[in-house]
Amino acid sequence: MRKSRKRNGRAGRLLFTVVLLFVVLCAGFLLKGRISPFFDKLIAGTITGDGNDATNGGVSVEKNNTEKNNADSDTDHINNNINNNKDNKNDSNNHDDPQNNQNNEHQGNSNDRQPAENVDDILVLVNKKRYLDSSYKPNDLVVPNVKFSFDEEREKKYMRKEAAEALEELFERAYKEGVYIFALSGYRSYSTQKWLFENKASEIGEEKANKIIARPGESEHQTGLAMDITSQSVQFDLKTKFGETEEGKWVKDNAHKFGFIIRYAKDKEGITGYNYEPWHLRYVGKKVAEEIYNKGIALEEYLS
Ligand SMILES: [Zn+2]
Numbered sequence: 017m018r019k020s021r022k023r024n025g026r027a028g029r030l031l032f033t034v035v036l037l038f039v040v041l042c043a044g045f046l047l048k049g050r051i052s053p054f055f056d057k058l059i060a061g062t063i064t065g066d067g068n069d070a071t072n073g074g075v076s077v078e079k080n081n082t083e084k085n086n087a088d089s090d091t092d093h094i095n096n097n098i099n100n101n102k103d104n105k106n107d108s109n110n111h112d113d114p115q116n117n118q119n120n121e122h123q124g125n126s127n128d129r130q131p132a133e134n135v136d137d138i139l140v141l142v143n144k145k146r147y148l149d150s151s152y153k154p155n156d157l158v159v160p161n162v163k164f165s166f167d168e169e170r171e172k173k174y175m176r177k178e179a180a181e182a183l184e185e186l187f188e189r190a191y192k193e194g195v196y197i198f199a200l201s202g203y204r205s206y207s208t209q210k211w212l213f214e215n216k217a218s219e220i221g222e223e224k225a226n227k228i229i230a231r232p233g234e235s236e237h238q239t240g241l242a243m244d245i246t247s248q249s250v251q252f253d254l255k256t257k258f259g260e261t262e263e264g265k266w267v268k269d270n271a272h273k274f275g276f277i278i279r280y281a282k283d284k285e286g287i288t289g290y291n292y293e294p295w296h297l298r299y300v301g302k303k304v305a306e307e308i309y310n311k312g313i314a315l316e317e318y319l320s
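Residue numbers (the numbering used here): 17 to 320.
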């Protein structure tokens, strides 16, 4: 009698355990269906974020972001084209047609295209006739300690060390004098430039695209010696109007003291191959910058 009750008790506990296990398993499966996407995301996020697998997720995600953002806001030549079209309408008596100059420049000299020489020299010449190899990337890129018009960690924050230090000095002086400028776009890789150009070319055709955006290898931004700057007065954008703002004027009058030149001057479109860009600073060192500033010449003229 006692034995059989005991056996029943054991059987009961066993049944209870089996049922409990079954319920737990069922609940587990049900829950898994709901929460697995959450876990999948969590796991994917961890892999991307921690950088252990830099050749996969992390890098490509960052790259896509960079490229998208570049295409939105800081393709000099896209904005410049829009602004220059405006300028040409308003101011056509004072200029040759820079758009035509640019066009002729490229078509007329496409046979003269040669690889850039002394690519690590701070006086390297990169333009529509002198191009950088797709593999070229400066090996001393750093982020200058200056104010940027955005917060994210991006490729375009970088500059070569010497240029970055000079930019810090320039910004320090500007801020002391109450001139609030912001850095917008520095180093740009060959692949980013290629993406920008091809994107535009697929939209409007290669020939038209090259009027407003540099071909890969032909952008000075790949040297790590250039920085586009902006200000609140031009809505943190790249506009020709920047040249007429308090900030733009200050930069024009002072950049050379820190080793920078306004690389694409207003009256030099035929020589540089690019429209006027009051925002595009190119580092060449103090001595050369002062000479270029005093003589009012383009880098091409200085080097020839
Ligand atoms: Zn630029």
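Note that the Cβ used here is the ideal one computed from N, Cα and C, for glycine as well.
Since we're looking at a predicted model, the values are computed, not measured.
- Leaving out five residues before and five after lysine 216 in sequence, what residues of the same chain have Cβ atoms less than 6 angstroms from its Cβ? Result list for lysine 216: Ala225, Ile229, in chain order.
- Query: Distance, Cα to Cα, glycine 301 vs tryptophan 295?
  - Reply: Annotation: glycine 301 to tryptophan 295 spans about 18 angstroms, alpha carbon to alpha carbon.
- Task: With a threshold of 16 other CB atoms inside 10 Å of the CB of aspartate 244, please say whether the residue is buried or exposed.
- Result: Its Cβ being crowded by 16 or more others within 10 Å, aspartate 244 is buried.
- Please report the residue range of the beta strand (DSSP E) in which arginine 170 lies. Per DSSP, arginine 170 belongs to no beta strand (DSSP E) and is neither H nor E.
- Looking at aspartate 244 and ligand 1, is the gap between the Cβ and the nearest heavy atom below 6 angstroms? yes
- Query: Taking the beta strand (DSSP E) that tyrosine 299 falls in, what are its first and last residues?
  - Reply: 293–299
- Message: Are the CB atoms of valine 142 and threonine 256 within a distance shorter than 7 angstroms?
- Response: no
- Task: May I ask you to check if the CB of histidine 272 is nearer than 6 angstroms to at least one heavy atom of ligand 1?
- Result: Flag unset: Cβ of histidine 272 not near ligand 1.
- Verify whether the separation of the beta carbon atoms of alanine 305 and phenylalanine 258 is less than 7 angstroms. no
- Message: Can you tell me whether valine 140 is helix, strand or coil according to DSSP?
- Response: coil
- Query: With which residues is alanine 199 paired in a DSSP beta bridge?
  - Reply: Phe164, Ile245
- Give every residue of the same chain whose Cβ lies closer than 6 angstroms to the Cβ of alanine 180, excluding the five residues on either side of it in the sequence, and list them in chain order. Val158, Pro160
- Message: Quick check: the Cα distance between serine 165 and glutamate 316, rounded to an integer number of angstroms?
- Response: Roughly 30 angstroms separates the two Cα atoms.
- Item | Bridge partner(s) assigned by DSSP for leucine 212 | DSSP lists no partner for leucine 212.
- Message: Can you tell me which residues form a DSSP beta bridge with glutamine 251?
- Response: In the DSSP output, where bridge partners are listed per residue, glutamine 251 has none listed.
- Query: How many angstroms separate the CA atom of lysine 210 from the CA atom of leucine 297?
  - Reply: 22 angstroms
- Query: Tell me which same chain residues have a C-beta within less than 6 angstroms of the C-beta of phenylalanine 187, skipping the five on either side of it?
  - Reply: Val162
- According to the neighbour-count rule (16 or more other Cβ atoms, all chains shown, within 10 Å of its Cβ), is arginine 29 buried or exposed? With a threshold of 16 other beta carbon atoms within 10 Å, arginine 29 falls short and is exposed.
- Query: Looking only at its own chain, which residues have a Cβ that is under 6 angstroms from the Cβ of arginine 231, when we skip the five neighbours before and after it?
  - Reply: Phe213
- Start-to-end residues for the beta strand (DSSP E) that takes in phenylalanine 276: 276–280
- Query: Going by alpha carbons, who is nearest to glutamine 248 out of Thr208, Asp149, Tyr196, Asp167?
  - Reply: With distances taken between Cα atoms, glutamine 248 lies closest to Tyr196.
- Message: Classify leucine 148: buried if its beta carbon has 16 or more other beta carbons within 10 angstroms, exposed otherwise.
- Response: With 16 or more Cβ atoms within 10 Å of its Cβ, leucine 148 is classed as buried.
- Cα-Cα separation between alanine 190 and asparagine 134, rounded to whole angstroms: In a straight line, the C-alpha of alanine 190 is about 32 angstroms away from that of asparagine 134.
- Query: What do you get for serine 218, buried or exposed, if any count of 16 or more other CB atoms within 10 angstroms of its CB means buried?
  - Reply: Per the 10 Å Cβ criterion, exposed.
- Message: Assuming the contact rule is C-beta atoms closer than 8 angstroms, arginine 170 and aspartate 156 should be a hit. Round their C-beta distance to whole Å, please.
- Response: Contact doesn't hold; Cβ gap of about 18 angstroms is too wide.
- Message: As a quick exercise: from Lys268, Asp137, Lys144, pick the residue whose alpha carbon is nearest that of glutamate 234.
- Response: Lys144
- Message: Does asparagine 310 pass the burial test, meaning 16 or more other C-beta atoms within 10 Å, or should it be called exposed?
- Response: Exposed is the call here.
- Query: Can you give the Cα-Cα distance for asparagine 96 and asparagine 291, rounded to whole angstroms?
  - Reply: With a pLDDT of 39 at asparagine 96, under the threshold of 50, the predicted position of this residue should be treated as unreliable, and no value is reported.
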